[in-house]
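If you use the UniProt record's numbering, the sequence shown corresponds to residues 1 to 223, in order.
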Amino acid sequence: MSASLVKRKPVRRRLISPLRPLSPPNPRWVSSSTRQRTKSPLLQLLTRHLPTLFSSRTSFREEGGNDYDLELTLVSILKACASDKALSPGQQVHALILKSGLDSNSYVNNSLINVYAKCGSMVAAKSLFDASQTIPDPISCNIMIGGYVKLGRLMDAHKLFERMPGRGCVSYTTMIMGFAQNNYGTEAVRIFKDMLAAGLIPNEVTVASLISACTQLGGGIWA
Numbered sequence: 001m002s003a004s005l006v007k008r009k010p011v012r013r014r015l016i017s018p019l020r021p022l023s024p025p026n027p028r029w030v031s032s033s034t035r036q037r038t039k040s041p042l043l044q045l046l047t048r049h050l051p052t053l054f055s056s057r058t059s060f061r062e063e064g065g066n067d068y069d070l071e072l073t074l075v076s077i078l079k080a081c082a083s084d085k086a087l088s089p090g091q092q093v094h095a096l097i098l099k100s101g102l103d104s105n106s107y108v109n110n111s112l113i114n115v116y117a118k119c120g121s122m123v124a125a126k127s128l129f130d131a132s133q134t135i136p137d138p139i140s141c142n143i144m145i146g147g148y149v150k151l152g153r154l155m156d157a158h159k160l161f162e163r164m165p166g167r168g169c170v171s172y173t174t175m176i177m178g179f180a181q182n183n184y185g186t187e188a189v190r191i192f193k194d195m196l197a198a199g200l201i202p203n204e205v206t207v208a209s210l211i212s213a214c215t216q217l218g219g220g221i222w223a
């Protein structure tokens, strides 16, 4: 790790210290590799390289580059962490993002929220969600709603659903699925009716969740 990074105020040193830099990888190779494979051994390899990649950020800028490749790499790695539910590597990447100041990027931040939500760490996810915006965007809202539904926290999910902007098919379907899976068939049907009233077209997951809700309720559900 470069001397310039060492001199900075430490951020989550406990998470960063186990990482030992190797030769820096090509950012485009990293993002391509994480799309092809999301197994934990690859994540371990990539997180070992990340400190060196971050330390070369200054020289990269001096050569006329920008942060696009690094941001693309981070998003790709975080997607792999979320897919594998790999919380520890995600936390290590988060610490490096904070140290570099790239946490202001909405794509990077939403990818971080997704890692914590997929891993069931909704306290951390909500902390990032609340700190990143005054008016939540639909993508981060959908991530949070999905995380709450997964844990059976339907009241939290519905509260956010009610105040989120730009509710779409994903938002409605997630709520319908959550209510149906937790035996709240009446609420699932109500959300489905609201979805139709909003002019949205249900997808296969929506229909499957609705059928489950209808099975719970029996006759008279459209009364």
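Yeah, the Cβ is synthetic: ideal placement off N, Cα and C, and Gly gets one too.
Item to complete: Report the rounded CA-to-CA distance for leucine 102 versus valine 108, giving the unit in angstroms.
Response: As a working note, residue 102 is residue 102 in the sequence shown. As a working note, residue 108 is residue 108 in the sequence shown. Cα to Cα, the separation comes out at about 7 Å.
Worksheet item: Should residue 250 and cysteine 141 be called a contact, given that it needs their Cβ atoms to be closer than 9 Å?
Response: In this structure the chain extends from 1 to 223, so residue 250 is not present and cannot be described.
Worksheet item: Residues in its own chain within less than 6 Å of glycine 90 by CB, not counting five upstream and five downstream?
Response: One-based indexing of the sequence shown puts residue 90 at position 90. Excluding positions up to five away in sequence, the list reads Cys81 and Val115.
Practice prompt. Quick one: grab the DSSP three-state call for threonine 38.
Written response: Stepping through the sequence shown from its first residue, residue 38 is reached at position 38. Residue confidence for threonine 38 is low, a pLDDT of 44 falling below 50, so the modelled location carries little weight and cannot support an answer.
Worksheet item: Terminal residues of the continuous alpha helix (DSSP H) containing isoleucine 139?
Response: Walking along the sequence shown from the start, residue 139 turns up at place 139. Start and end: 138-150.
Worksheet entry | DSSP-derived helix/strand/coil call for leucine 102 | Here residue 102 is taken as the residue at index 102 of the sequence shown, counted from 1. In the three-state reduction of the DSSP assignment, leucine 102 falls in the helix class.
Worksheet item: What do you reckon, are the CB atoms on leucine 72 and isoleucine 97 nearer than 9 Å?
Response: Numbered from its first residue, the sequence shown carries residue 72 at position 72. Numbered from its first residue, the sequence shown carries residue 97 at position 97. Their beta carbons are not under 9 Å apart, which means leucine 72 does not touch isoleucine 97 by this criterion.
Worksheet item: Taking Cβ to Cβ, would you say isoleucine 139 is nearer than 9 Å to asparagine 110?
Response: Along the sequence shown, read from residue 1 onward, the residue named residue 139 stands at position 139. Along the sequence shown, read from residue 1 onward, the residue named residue 110 stands at position 110. Going by C-beta atoms, isoleucine 139 is nearer than 9 Å to asparagine 110.
Item to complete: For the alpha helix (DSSP H) holding tyrosine 184, just list the boundary residues, first then last.
Response: As a first step, residue 184 must be located in the sequence shown, where it is residue number 184. Here tyrosine 184 belongs to no alpha helix (DSSP H), and DSSP marks it neither H nor E.
Worksheet entry | Which of helix, strand or coil DSSP assigns to proline 89 | In the sequence shown, residue 89 corresponds to position 89, counting from 1. Three-state DSSP puts proline 89 in a helix.
Worksheet item: In whole angstroms, what is the alpha-carbon distance linking glycine 168 and leucine 200?
Response: Mapped onto the sequence shown, residue 168 falls at position 168. Mapped onto the sequence shown, residue 200 falls at position 200. Rounded to the nearest angstrom, the two C-alpha atoms are 7 Å apart.
Worksheet item: Roughly how many angstroms separate the alpha carbons of tyrosine 148 and cysteine 119, rounded to a whole number?
Response: Taking the first residue of the sequence shown as position 1, residue 148 is located at position 148. Taking the first residue of the sequence shown as position 1, residue 119 is located at position 119. One C-alpha to the other measures close to 11 Å.
Worksheet item: What first and last residue would you give for the alpha helix (DSSP H) that runs through cysteine 119?
Response: Working through the sequence shown from its first residue, we reach residue 119 at position 119. No alpha helix (DSSP H) holds cysteine 119; DSSP gives it neither H nor E.
Worksheet item: With burial defined as no fewer than 16 other Cβ atoms inside 10 Å of the residue's Cβ, what is the status of isoleucine 135: buried or exposed?
Response: To locate residue 135, count along the sequence shown from 1; it is residue 135. So isoleucine 135 counts as exposed.
Worksheet entry | Whole-number beta carbon distance between alanine 213 and alanine 188, since they are thought to touch under 8 Å | Translated into the one-based positions of the sequence shown, residue 188 becomes position 188. Translated into the one-based positions of the sequence shown, residue 213 becomes position 213. Indeed they touch by this definition, with Cβ atoms about 4 Å apart.
Discussion item. Which residue marks the beginning of the alpha helix (DSSP H) containing methionine 155, and which one marks its end?
Written reply: Here residue 155 is taken as the residue at index 155 of the sequence shown, counted from 1. From DSSP, the alpha helix (DSSP H) with methionine 155 extends over 154-163.
Worksheet item: To which residues of the same chain is threonine 34 closer than 6 Å at the C-beta, ignoring the five residues directly before and after it?
Response: The residue you call residue 34 lines up with position 34 of the sequence shown. Caution applies to threonine 34, whose pLDDT of 45 falls short of 50 and renders its modelled position unreliable; the value that the coordinates give is listed next. Excluding positions up to five away in sequence, the list reads Ser76, Ile77 and Ala80.
Discussion item. Contact defined as beta carbons within less than 8 Å: I believe leucine 154 pairs with glycine 185. What is the distance between those atoms, to the nearest angstrom?
Written reply: Position 154 of the sequence shown holds residue 154. Position 185 of the sequence shown holds residue 185. That belief does not hold up - the Cβ atoms of leucine 154 and glycine 185 are roughly 13 Å apart, past 8 Å.
Worksheet item: What span of residues does the alpha helix (DSSP H) with leucine 78 cover, start to end?
Response: For this step, residue 78 is matched to residue 78 along the sequence shown. Taken as a continuous stretch (DSSP letters only), the alpha helix (DSSP H) holding leucine 78 covers 68-84.
Worksheet item: Going by other Cβ atoms of all chains shown within 10 Å of its Cβ, with 16 needed for buried, is valine 93 buried or exposed?
Response: Along the sequence shown, one-based indexing puts residue 93 at 93. It counts as buried.
Worksheet entry | Boundaries (first-last residue) of the alpha helix (DSSP H) holding alanine 208 | For the purposes of this step, residue 208 is taken as the residue at position 208 of the sequence shown. From DSSP, the alpha helix (DSSP H) with alanine 208 extends over 204-217.
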